[in-house]
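Peer 1:
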Amino acid sequence: MAVIHFNEQSFDQALAEGGLVMADFWASWCGPCKMLSPTIDQIGTQYEGKASIGKVNVDEEQGLAARYGVMSIPTVIFFKDGKEIDRKVGVQPAAAFTSTLDANL
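What the sequence shown shows, in the working numbering, is residues 14 to 118, in sequence order.
Next comes the structure, spelled out in structure tokens:
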């Protein structure tokens, strides 16, 4: 399974393990989130074993969304060694995400 569906516990564990984490904050009712989903899935497969790629459903994990100040979705946040290093809001091409991943691997 390339893309992880994070809950608060698995998200905190991924951050604690260090390395590179990319988290897509989304909701099932969000049209732009649905547009971005195949891109996130493709990146998850592409970076399997190199980075943790996951999704956070903001309706189910409101605490995580609040912790990181996610006000608009989709929001993709990148973490390295447990610290936020970049954030992208809205639908963007795969290269916008992979460039951040590649620069931090």
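All C-beta atoms in this analysis are idealised placements derived from N, C-alpha and C, irrespective of residue type, glycine included.
Where does M84 land, buried or exposed, given buried means 16+ other C-beta within 10 angstroms?
Peer 2: Looking up residue 84 in the sequence shown gives position 71. Exposed, since its Cβ has fewer than 16 Cβ neighbours within 10 Å.
Peer 1: Beta strand (DSSP E) containing A36: first to last residue?
Peer 2: To locate residue 36, count along the sequence shown from 1; it is residue 23. Run containing A36: 33-39, per the beta strand (DSSP E) assignment.
Peer 1: Considering only DSSP beta bridges, list what T88 is partnered with.
Peer 2: Position 75 of the sequence shown holds residue 88. According to DSSP, which records beta bridges pairwise, T88 is partnered with F38, V102.
Peer 1: On a CA-only basis, which of I17, M35, H18, V16 is nearest G95? Give me that one, please.
Peer 2: Position 82 of the sequence shown holds residue 95. Measuring from the Cα of G95, the nearest candidate turns out to be M35.
Peer 1: What does DSSP give as the partner residues of N20 in its beta bridges?
Peer 2: The sequence position of residue 20 within the sequence shown is 7, counting from 1. Per DSSP, none; premise fails for N20.
Peer 1: Spatial neighbours of R100 within its chain, please: CB distance less than 6 Å, with the 5 preceding and 5 following residues excluded, ordered by chain position.
Peer 2: What you label residue 100 is simply residue 87 of the sequence shown in a count that begins at 1. Answer for R100: I90, listed in chain order.
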